[in-house]
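Asks:
Numbering (my numbering), first residue to last: 5 to 260.
1) Assuming contact is defined by CB atoms lying nearer than 7 Å, are residue 59 and residue 24 in contact in what I supplied?
2) Residue 208 lies in the alpha helix (DSSP H); which residues open and close that run?
3) The beta strand (DSSP E) spanning residue 173 covers which residue range?
4) Hey, residue 116 and residue 108: beta-carbon distance below 7 Å or not?
5) At 3 residues or longer, and completely inside the segment 33 to 76: list those beta strand (DSSP E) runs for me, N to C.
6) When you compare only the Cα positions, how much space is there between residue 217 and residue 180?
7) State the DSSP-derived secondary structure class of residue 146, mapped to helix, strand or coil.
8) Would you kindly check if the distance between the Cβ of residue 122 and the Cβ of residue 102 is under 7 Å?
9) Work out the CA separation of residue 153 and residue 8 for me, nearest whole Å.
10) Contact between the segment 42 to 53 and the segment 14 to 28: three or more CB pairs below 8 Å?
11) Find the nearest neighbour of residue 99 within the set 206, 144, 227, judged by alpha-carbon distance.
12) Express the C-alpha separation of residue 42 and residue 30 in angstroms, rounding to a whole number.
13) If contact is defined by three or more beta carbon pairs under 8 Å, each pair taking one atom from either stretch, is the segment 156 to 168 in contact with the segment 181 to 190?
14) Report buried or exposed for residue 125, applying the criterion of at least 16 other Cβ atoms within 10 angstroms of its Cβ.
15) Could you check whether residue 144 and residue 118 sit closer than 7 Å to each other, using their CB atoms as the reference points?
16) Quick one: what's got a C-beta closer than 7 Å to residue 71's C-beta in the same chain, skipping five residues either side?
17) With a threshold of 6 Å on Cβ separation, who are the neighbours of residue 184 within its own chain once the five nearest residues in sequence on each side are excluded?
18) Are the CB atoms of residue 130 and residue 173 within a distance shorter than 7 Å?
19) By how many angstroms is the C-alpha of residue 142 removed from the C-alpha of residue 84?
20) Using the three-state DSSP reduction, which class does residue 262 fall into: helix, strand or coil?
21) Output the distance between the C-alpha atoms of residue 133 and residue 67, rounded to the nearest integer angstrom.
22) Is the CB-CB distance between residue 201 and residue 170 below 7 Å?
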């Protein structure tokens with residue numbers, strides 16, 4: 005669809021929200037397409053890493069509240085579509101980088117936070133804008149925010165709905181890197197290619213365990229690490245990594 009562009013290059017899938025005239029505000033149709041896209045990528049053996057970004061000078065300004073279906077569709081029905089997109093992103097067993105080139109607000113902010121890594125341009129801005137629109141936080145923000153910034157800071161961001169700069173977001177622990185706007189594409193491309201060249205099974209397992217890190221006990225985490233690492237050692241990728249190290253070359257991981 006024109007409003008959600010999916011491009012593939014060497015194991016890197018770039019998903020671009022393409023409504024620059026609306027600062028990439030997301031329609032109901034786009035939520036559904038996003039859920040399908042993330043699910044499809046998760047099933048692919050060729051796709052290694054995902055980059056989520058927005059066209060023009062914005063990342064995503066959140067849900068398009070001018071979309072007629074917002075008020076014509078029952079709220080819970082519409083929220084299920086939004087939730088499906090958020091859950092599909094969270095479950096995606098590949099590393100996901102948010103390339104935040106401008107404003108990320110509301111569900112657009114939480115779309116970025118739901119990714120594994122966030123690289124922001126120095127022009128980026130973030131806002132949990134929901135309360136300013138008479139709404140409560142959605143797209144997984146109530147789960148993500150406390151884990152990223154702590155409970156009290158999460159409440160501050162959600163209650164006051166203030167717009168914060170990229171520098172503030174980095175200070176709060178919301179983003180991994182800030183780079184000049186004209187260097188954003190190159191920086192994200194470098195990270196994406198490094199991840200695409202990495203061991204897909206090991207990265208997938210690590211992502212799953214880190215996402216679950218606040219749920220199990222320490223002993224359960226150790227059990228999960230042991231079981232997963234034991235599986236890794238039976239895979240071809242681990243043997244390839246050892247051979248490449250001994251032969252002083254870069255490994256060629258195949259996800260087997």
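Glycine residues also receive a C-beta, built at the ideal position from the N, C-alpha and C atoms. Predicted model only: the values in this text are computed from it and were never measured.
Replies: If we stick to the structure as given:
1) yes
2) 204 to 215
3) No beta strand (DSSP E) contains residue 173, which is instead part of the alpha helix (DSSP H) from 170 to 176.
4) yes
5) 53 to 58, 62 to 64, all fully within the segment 33 to 76.
6) 19 Å
7) helix
8) yes
9) The alpha-carbon atoms of residue 8 and residue 153 are separated by roughly 30 Å.
10) yes
11) Among 206, 144, 227, the Cα nearest to that of residue 99 is on 206.
12) 15 Å
13) no
14) buried
15) yes
16) 31, 32
17) Within its own chain, the residues whose Cβ lies closer than 6 Å to the Cβ of residue 184, once the five positions on either side in sequence are excluded, are 126, listed in chain order.
18) In contact: residue 173 and residue 130 (Cβ atoms closer than 7 Å).
19) 11 Å
20) The first residue shown for the chain is 5 and the last is 260, placing residue 262 beyond what the model contains.
21) Their Cα atoms are separated by approximately 11 Å.
22) no
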